[in-house]
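A.B. asks: Structure in structure tokens, see below.
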């Protein structure tokens with residue numbers, strides 16, 4: 001899909017496996033982009049399922065995110081599913097929780113620090129899974145993630161391309177981090 005749709009089109013199309021997102025600034029531009037992408041897909045006999053298509057919408061759920069003209073945020077239904085998970089009792093359940101929460105790491109400040117206790121018990125090979133122990137430290141991390149996912153604001157705004165960016169980095173024994181931010185009149189924006 002990347003090779004098919006690439007070549008200068010990434011400023012208005014994103015693809016993940018067979019999911020395609022086309023975005024534009026105006027309706028006329030959107031029609032142009034849509035025609036271009038559909039023509040490319042037709043050339044290689046790629047079929048589009050009309051029942052799964054949403055055309056010219058202001059907001060869309062895509063890959064577990066709700067995307068609109070102003071921001072990207074986690075999909076509410078996906079977050080509810082995470083919030084209702086019980087505390088893991090097995091290595092498999094702990095790894096599943098970590099995988100789900102990891103999908104939303106871009107929305108969670110200090111993700112590596114909060115996740116460190118979970119990694120302590122999930123870094124087990126299959127034949128050592130009997131060593132899995134869920135303790136108070138892991139439970140606290142589990143609850144902190146759930147709290148963050150239910151606390152506003154939980155979204156990323158798009159950057160203002162006319163404002164300078166600042167890259168801030170940090171590292172410790174348990175993680176490495178980088179933040180791209182902008183100092184804007186309304187306050188610092190983390191991108």
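Numbering (UniProt numbering), first residue to last: 1 to 191. All residues carry an ideal CB built from backbone N, CA and C; glycine is no exception. If you're wondering where the values come from, they're calculated on a predicted model, not measured in any experiment.
Can you confirm whether the region 35-42 touches the region 76-92 when touching is taken to mean that 3 or more C-beta pairs between the two stretches lie within less than 8 Å?
C.D. replies: no
A.B. asks: Can you check which of these residues, 65, 111, 163 and 115, is closest to residue 95 by C-alpha distance?
C.D. replies: Among 65, 111, 163 and 115, the Cα nearest to that of residue 95 belongs to 115.
A.B. asks: Which one of 182, 105, 122 and 57 has the shortest CA to CA distance from residue 21?
C.D. replies: 57
A.B. asks: How many Å lie between residue 84 and residue 44 at the Cα?
C.D. replies: 43 Å
A.B. asks: Of all the beta strand (DSSP E) runs that stay within the bounds of the UniProt domain "Reverse transcriptase" (1-67), which reach a length of 3 or more residues?
C.D. replies: 13-16, 19-22 and 59-62
A.B. asks: Whole angstroms are fine: how far does the CA of residue 112 sit from the CA of residue 106?
C.D. replies: 11 Å
A.B. asks: To the nearest angstrom, report how far apart residue 104 and residue 170 are at their CA atoms.
C.D. replies: Distance from the CA atom of residue 104 to the CA atom of residue 170, rounded to whole angstroms, is 20 Å.
A.B. asks: Run through the DSSP bridge pairs and tell me what residue 157 is partnered with.
C.D. replies: Assignment of beta-bridge partners to residue 157 by DSSP yields 71.
A.B. asks: Check for me: the alpha helix (DSSP H) holding residue 145 runs from which residue to which?
C.D. replies: 136-149
A.B. asks: With H, G and I counted as helix, E and B as strand and the rest as coil, what does DSSP make of residue 180?
C.D. replies: strand
A.B. asks: Any idea which residues DSSP pairs residue 171 with across the strands?
C.D. replies: 176
A.B. asks: Could you tell me the distance, in whole angstroms, from the CA atom of residue 98 to the CA atom of residue 52?
C.D. replies: 29 Å
A.B. asks: In the DSSP output, which residue or residues are listed as bridge partners for residue 166?
C.D. replies: 181
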